[in-house]
Amino acid sequence: MSMSFDPFSQLDRIAQSVFDTSRQPRIMPVDLFREGDQYVLNADLPGVDPGSVDVDVDGHLLTIRAIRSAANQENVRWLAQERPFGAYLRQFSIGDDVNAQGISASYDNGVLSVVIPIAERAKPRKIAVESASENRRRSVSA
1 MSMSFDPFSQ
11 LDRIAQSVFD
21 TSRQPRIMPV
31 DLFREGDQYV
41 LNADLPGVDP
51 GSVDVDVDGH
61 LLTIRAIRSA
71 ANQENVRWLA
81 QERPFGAYLR
91 QFSIGDDVNA
101 QGISASYDNG
111 VLSVVIPIAE
121 RAKPRKIAVE
131 SASENRRRSV
141 SA
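Number 142 marks the last residue of the sequence shown (full-length UniProt numbering); no jumps.
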């Protein structure tokens with residue numbers, strides 16, 4: 001199998017070795033949307049061991065951490081090694097309108113799903129409108 005020479009990838013490898021970017025936390029791509037009375041966050045973490053995934057909430061900060069280990073293959077001569085490994089980190093600021101106690105997470109097929117329920121106090125509610133004539137009738141009959 002032959003690989004064509006790509007000068008930009010060579011420069012990237014040199015920059016990685018000089019600036020040691022392999023130790024910097026990787027950013028994970030996410031989708032975030034509201035569905036009914038909850039927010040759903042889906043984060044791509046392919047090849048990550050589910051045991052290394054950590055989701056925590058501290059006040060108004062939701063933090064997701066994960067580690068993807070490097071391939072431990074001895075006596076191989078790499079022709080290409082482009083799949084990133086190392087630490088992944090993503091943080092989100094959450095407001096008062098969520099129920100932090102009800103947050104749940106699951107990991108399936110390389111996708112971490114975090115469900116963030118909306119707090120009862122933040123849900124829309126209907127307010128009854130009374131007419132002035134009803135208020136007068138009640139005060140006369142009382």
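For each residue, glycine too, the CB sits at the ideal point set by N, CA and C. Computed from a predicted structure; not experimentally measured.
Using a Cβ-Cβ distance under 8 Å, would residue i count as near chain C?
i     : result
Phe85 : Absence of chain C from the displayed structure is noted, only one protein chain being present.
Are there 16 or more other CB atoms within 10 angstroms of the CB of residue i, so buried, or fewer, so exposed?
i      : result
Asp61  : Residue 61 is actually Leu in this sequence, not Asp. When all chains shown are included, Leu61 counts as exposed.
Ala66  : buried
Arg90  : buried
Val114 : buried
Ala43  : buried
Phe33  : exposed
For the beta strand (DSSP E) containing residue i, list its first residue and its last residue.
i     : result
Arg26 : Premise fails: Arg26 is in no beta strand (DSSP E) and is neither H nor E.
Ala87 : 86-93
Quick one: grab the DSSP three-state call for residue i.
i      : result
Glu74  : coil
Arg125 : coil
Ser2   : Its pLDDT being 44, under 50, Ser2 is placed unreliably by the model, and nothing is read from it.
Ala119 : coil
Ala66  : strand
Ala43  : strand
With DSSP as the reference, please indicate the residues paired to residue i in a beta bridge.
i      : result
Asp108 : Val111
Gln38  : Glu35, Pro117
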